[in-house]
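Novice: Sequential numbering of the sequence shown, starting at 1, is according to the UniProt record's numbering. Supplied in C-alpha cells, the structure appears directly below.
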Amino acid sequence: MKSNLRKNLSIDQQTSGGFLSIDFSYDVLRKIRQLAPSIRAKDSNSNKLVGYALASLPEFAAELPNTAKLVTIINTLEYKSKPVRD
C-alpha cells in the first residue's frame, strides 16, 4: 500500500496509475469505513477499478491531521452556489 503513496511516485506514475493521498493504518481505515462507506468507480467495459474515494466524516478528522486539512478546505468550497459540505 505504501508504494502507491503520492510522495513515492513520479508525476507520470501518478497520472497514469493514480495514487493514495494519505497513509492510513489498517485500524484507522476500519474505523473510517465503519462510520461511512467508501466509493469505488469501475470502468464498465473492462471492470477495472478506475477510482476510489474514502468518505471520512468531519467528526473523524480530528484524529487525522491530513484529513482535518481537507475538511477545512472542503468547508470553504461551493458548487452551483451551494456549500459542498452540505
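Ideal Cβ positions, reconstructed from N, Cα and C, are used throughout, including at glycine.
(1) Around the Cβ of I32, are there at least 16 other Cβ atoms within 10 angstroms (buried) or fewer (exposed)?
(2) Who are the near neighbours of K42 in its chain, counting only those whose CB is closer than 6 Å to its CB and skipping five residues on each side?
(3) Just to confirm, is the Cβ distance from T67 to S56 under 8 Å?
(4) Can the beta-carbon of Y26 be found less than 8 Å from the beta-carbon of S38?
(5) Would you identify the three-state DSSP class for G18, choosing helix, strand or coil?
Specialist: In short:
(1) buried
(2) L49
(3) yes
(4) Not in contact: Y26 and S38 (Cβ atoms no closer than 8 Å).
(5) coil
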